[in-house]
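Colleague:
There are 2 protein chains.
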Amino acid sequence: MNTKRKILIDTALTLFYQNSIYSVGINEILSVSGIAKKTLYHHFSGKEALVLATLEKRDQGFQQWLTTQLSGAKNDTEVIHQLFYGLTDWFHSRVPELGDFRGCFFTNTSAEFSDEKSAIAQYCRQHKQQVRQLIKQALKRQDEAFLDWVCLLKEGAISSAYVSQDLDAALKCIAILTASEVKY
Amino acid sequence: MNTKRKILIDTALTLFYQNSIYSVGINEILSVSGIAKKTLYHHFSGKEALVLATLEKRDQGFQQWLTTQLSGAKNDTEVIHQLFYGLTDWFHSRVPELGDFRGCFFTNTSAEFSDEKSAIAQYCRQHKQQVRQLIKQALKRQDEAFLDWVCLLKEGAISSAYVSQDLDAALKCIAILTASEVKY
DNA sequence: ACAGAAGTAGACACTACAGTCTACTTTTGC
DNA sequence: GCAAAAGTAGACTGTAGTGTCTACTTCTGT
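As they're listed, the protein sequences go chains C and Z. Position one of the first sequence corresponds to residue 1 (the working numbering), numbered consecutively onward. Position one of the second sequence corresponds to residue 1 (the working numbering), numbered consecutively onward.
#1: Where does S164 (chain Z) land, buried or exposed, given buried means 16+ other C-beta within 10 angstroms?
#2: For V24 (chain Z), which residues in the same chain have their Cβ closer than 8 Å to its Cβ, ignoring the five residues on either side in sequence?
#3: Nearest to Q18 (chain C) by CA position, among C:K136, C:F84, C:F106, is which residue?
#4: According to DSSP, is F101 (chain C) part of a helix, a strand, or is it coil?
#5: Touch check for the region 88-108 of chain C and the region 151-169 of chain C: three-plus C-beta pairs under 8 Å?
#6: So, under 8 Å CB-CB, S20 (chain Z) and S45 (chain C) are touching, yes? Tell me the CB distance rounded to an integer number of Å.
#7: Using C-beta distances below 6 Å, list every residue in its chain close to D166 (chain C), excluding the 5 sequence neighbours before and after it, in chain order.
#8: Under 8 Å between the Cβ atoms of A119 (chain C) and L52 (chain C)?
#9: Please classify H42 (chain Z) as buried or exposed, where buried requires at least 16 other C-beta atoms within 10 Å of its C-beta.
#10: Against chain C, with Cβ distances strictly below 8 Å, would W149 (chain Z) count as a contact?
#11: To the nearest angstrom, how far is it from the Cα of L55 (chain C) to the Cα of G72 (chain Z)?
#12: Is it buried or exposed for E92 (chain Z), if we count other Cβ within 10 angstroms and need 16 for buried?
#13: What is the residue span of the alpha helix (DSSP H) that N27 (chain Z) lies within?
#14: List, in chain order, every chain C residue whose beta-carbon is nearer than 7 Å to that of G103 (chain Z).
#15: State yes or no: is the beta carbon of Y22 (chain C) nearer than 8 Å to at least one beta carbon in chain Z?
#16: Applying the 10 Å Cβ sphere with the 16-neighbour rule, what's the burial state of K172 (chain Z)?
#17: When you compare the CB of E48 (chain Z) with every CB in chain C, is at least one pair closer than 8 Å?
#18: Specify, as a first and last residue, the run of the alpha helix (DSSP H) that L139 (chain Z) falls within.
#19: Starting from the beta carbon of S45 (chain C), find every residue of chain Z whose beta carbon is closer than 9 Å, and list them in chain order.
#20: Taking just the CA atoms, how far does L177 (chain C) sit from D76 (chain C)?
#21: Put N108 (chain Z) into one of helix, strand or coil per three-state DSSP.
#22: Would you say S180 (chain Z) faces chain C, with C-beta separation under 8 Å as the test?
#23: Under the three-state reduction of DSSP, which class applies to A211 (chain Z): helix, strand or coil?
#24: For Y184 (chain C), decide whether its Cβ has a neighbour in chain Z, counting only Cβ atoms nearer than 8 Å.
#25: Mind checking whether C151 (chain Z) and R125 (chain Z) have CB atoms under 8 Å apart?
#26: Of all Cβ atoms in chain C, is any one closer than 8 Å to the Cβ of R125 (chain Z)?
#27: Does L153 (chain C) come within less than 8 Å of chain Z when only Cβ atoms are used?
#28: Which of helix, strand or coil does DSSP assign to I176 (chain Z)?
#29: Whole angstroms is fine: what's the gap from S33 (chain Z)'s alpha carbon to N2 (chain Z)'s?
#30: Put A73 (chain Z) into one of helix, strand or coil per three-state DSSP.
#31: Helix or strand or just coil, what does DSSP make of E56 (chain C)?
#32: From G154 (chain Z) to I158 (chain C), what does the alpha carbon distance come to, in whole angstroms?
#33: Relative to chain Z, which residues along the region 83-95 of chain C have a C-beta separation below 9 Å, given in chain order?
#34: Taking only the alpha-carbon atoms, compute the straight-line gap between Q137 (chain Z) and A169 (chain C) and give it to the nearest angstrom.
Rendered as structure tokens:
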């Protein structure tokens, strides 16, 4: 019966993402989920292990969503459209499985944990790398410079959508990529 | 004698930026600065007021640096170069007045404070808006679409430089802007 | 010179944090 | 059917968090 384990991860992920990791205590996760403290410490060695589990869960969920989002695109122009229209849906909180938009969970978590060598920071870095690979796989064009372009705009859009509340940042990215005469 | 006030803001800013706001306690700021608790609460109503003061200080410092960095550019190409080479210096921690690079203080702070209506989140948003205006003032080209382009790449570069440790992200932005045939 | 502002040390109150523990009950796999 | 695993409540420890307070000292502007 590791349903409790799943409930703990779900609850923690929601609370961590909607607020922040430092601001959410173990006791809050417990009272919201209705699970006993002993059970939590039975499944996780401590808060950090729980944080890593939530990162893993979010990583899976995000990659799954992105894979679905990018599938079916017939050419690179469509991949770009699917990507940035998908991001726009996310920013407007129209993607139920990603929850109410509050920026990138991995970027936010990196901001809280300054030690770049910590397992948490490493996981966040790895997530970004894997998302990059996912986009690369969807594209026919394989040069890294073009990927840099797409990924930098993607990061800029997520950051601007959250910090500046510019929910249409991803649409601007499409406009940029369309207006630009660099072929893709 | 509000030198104490300044020392408190300096110490708090360094600690907040190098770590995170939740992870740094008042007592730590006090012991590092060597200032008495009563003095802190004499100058600031609480931690939030101190946080706002550090945001203000960082805002001033960053805008000052950016203004200097962009001044002297003779055309828009040079503005873009000054901006992104400047960012590269920052990412490599070669700008003493900005401290050891640990991402954007405002983006990081936004990640910690989820209430978008809080004074802290509002200040962060305002900072980004003012930086945008500063870049706009430096450019001859005045269309918002081009500004969007530059600012989205800028945000993407800062985020990638920090989370993915891609310290040359800003150089990639220059490559993108140079390779693109959209005139600027 | 002196009033008032700014500073000091550090004890104190109170809350919240992560994590431990005991004693007990339920679920589940074989 | 039963042993082991997973679960329960919640008291408890010890630390650290913000913020208050008293009693005293130093600085500073007019």
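Glycine residues also receive a C-beta, built at the ideal position from the N, C-alpha and C atoms.
Modeller: On the basis of the data shown:
#1: Against the second sequence, residue 164 (chain Z) aligns to sequence position 164. The C-beta of S164 (chain Z) has 16 or more other C-beta atoms within 10 Å across all chains shown, which makes the residue buried.
#2: Position 24 of the second sequence, counting from 1, holds the residue named residue 24 (chain Z). If you ignore the 5 residues before and after V24 (chain Z), its C-beta comes within less than 8 Å of the C-beta of A12, L15, F16, all in its own chain and listed in chain order.
#3: By 1-based counting over the first sequence, the position of residue 18 (chain C) is 18. The shortest C-alpha separation from Q18 (chain C) is found at C:F106.
#4: Against the first sequence, residue 101 (chain C) aligns to sequence position 101. In the structure shown, the three-state DSSP call for F101 (chain C) is coil.
#5: With a cut-off of 8 Å, the region 151-169 of chain C and the region 88-108 of chain C count as touching, because enough Cβ pairs lie within range.
#6: Locating residue 20 (chain Z) in the second sequence gives position 20, counting from the first residue. Locating residue 45 (chain C) in the first sequence gives position 45, counting from the first residue. Not quite, the Cβ-Cβ distance comes to about 23 Å (not below 8 Å), so this is no contact.
#7: As a first step, residue 166 (chain C) is located in the first sequence; it is residue number 166 there, counting from the start. If we look at D166 (chain C) and ignore the five residues flanking it on each side, its Cβ neighbours are S160.
#8: On the first sequence, residue 119 (chain C) is found 119 positions in, with the first residue counted as 1. On the first sequence, residue 52 (chain C) is found 52 positions in, with the first residue counted as 1. At the C-beta level, A119 (chain C) and L52 (chain C) come within 8 Å of one another.
#9: Along the second sequence, read from residue 1 onward, the residue named residue 42 (chain Z) stands at position 42. H42 (chain Z) comes out exposed.
#10: One-based indexing of the second sequence puts residue 149 (chain Z) at position 149. By this cut-off, W149 (chain Z) is an interface position.
#11: Translated into positions along the first sequence, residue 55 (chain C) becomes position 55. Translated into positions along the second sequence, residue 72 (chain Z) becomes position 72. Note on geometry: alpha-carbon atoms of L55 (chain C) and G72 (chain Z) lie some 45 Å from one another.
#12: Along the second sequence, read from residue 1 onward, the residue named residue 92 (chain Z) stands at position 92. Reading off the sequence shown, one finds His at residue 92 (chain Z), where the question assumed Glu. The residue in question, H92 (chain Z), is exposed, as its Cβ has fewer than 16 Cβ neighbours within 10 Å.
#13: Position 27 of the second sequence holds residue 27 (chain Z). Per DSSP, the unbroken alpha helix (DSSP H) holding N27 (chain Z) starts and ends at 26-33.
#14: For the purposes of this step, residue 103 (chain Z) is taken as the residue at position 103 of the second sequence. A111, listed in chain order.
#15: To locate residue 22 (chain C), count along the first sequence from 1; it is residue 22. Chain Z, which has a Cβ nearer than 8 Å to the Cβ of Y22 (chain C), makes this yes.
#16: Residue mapping note: residue 172 (chain Z) aligns to position 172 of the second sequence, counting from 1. By the neighbour-count definition (other C-beta atoms within 10 Å, threshold 16), K172 (chain Z) is a buried residue.
#17: Counted from its first residue, the second sequence places residue 48 (chain Z) at position 48. Chain C contact via Cβ: absent.
#18: Looking up residue 139 (chain Z) in the second sequence gives position 139. For L139 (chain Z), there is no enclosing alpha helix (DSSP H), since its DSSP letter is neither H nor E.
#19: Translated into positions along the first sequence, residue 45 (chain C) becomes position 45. Neighbours of S45 (chain C) on chain Z: none; closest Cβ ~20 Å, over 9 Å.
#20: Working through the first sequence from its first residue, we reach residue 76 (chain C) at position 76. Working through the first sequence from its first residue, we reach residue 177 (chain C) at position 177. Spanning the two alpha carbons is a distance of roughly 12 Å.
#21: Taking the second sequence and counting its residues from 1, the one referred to as residue 108 (chain Z) is at position 108. Three-state DSSP puts N108 (chain Z) in a helix.
#22: For the purposes of this step, residue 180 (chain Z) is taken as the residue at position 180 of the second sequence. By this cut-off, S180 (chain Z) is an interface position.
#23: The first residue shown for chain Z is 1 and the last is 184, placing residue 211 (chain Z) beyond what the model contains.
#24: Here residue 184 (chain C) corresponds to residue number 184 of the first sequence, with the count starting at 1. Bear in mind that a pLDDT of 48 at Y184 (chain C), under 50, signals an unreliable position, so the model cannot answer this.
#25: For the purposes of this step, residue 151 (chain Z) is identified with residue 151 of the second sequence, where counting begins at 1. For the purposes of this step, residue 125 (chain Z) is identified with residue 125 of the second sequence, where counting begins at 1. No, Cβ-Cβ distance for C151 (chain Z) and R125 (chain Z) is not below 8 Å.
#26: Taking the second sequence and counting its residues from 1, one reaches residue 125 (chain Z) at position 125. Chain C, which has a Cβ nearer than 8 Å to the Cβ of R125 (chain Z), makes this yes.
#27: Taking the first sequence and counting its residues from 1, one reaches residue 153 (chain C) at position 153. At least one chain Z Cβ lies under 8 Å of L153 (chain C).
#28: By one-based count along the second sequence, residue 176 (chain Z) stands at place 176. Helix at I176 (chain Z).
#29: Counting from 1 along the second sequence, the entry for residue 33 (chain Z) is found at position 33. Counting from 1 along the second sequence, the entry for residue 2 (chain Z) is found at position 2. Each residue's alpha carbon lies about 14 Å from the other.
#30: Residue 73 (chain Z) sits at position 73 when you count from the first residue of the second sequence. Here DSSP, grouped into helix, strand and coil, assigns A73 (chain Z) to coil.
#31: Walking along the first sequence from the start, residue 56 (chain C) turns up at place 56. DSSP places E56 (chain C) in helix when its eight states are reduced to three.
#32: If you number the second sequence from 1, residue 154 (chain Z) lands on position 154. If you number the first sequence from 1, residue 158 (chain C) lands on position 158. Sequence inspection shows Lys at residue 154 (chain Z); the Gly mentioned does not correspond to that position. Going from the Cα of K154 (chain Z) to the Cα of I158 (chain C) covers about 12 Å.
#33: Taking 9 Å as the Cβ-Cβ cut-off, the region 83-95 of chain C has no residue approaching chain Z.
#34: Counted from its first residue, the second sequence places residue 137 (chain Z) at position 137. Counted from its first residue, the first sequence places residue 169 (chain C) at position 169. A straight line joining the alpha-carbon of Q137 (chain Z) with that of A169 (chain C) spans about 21 Å.
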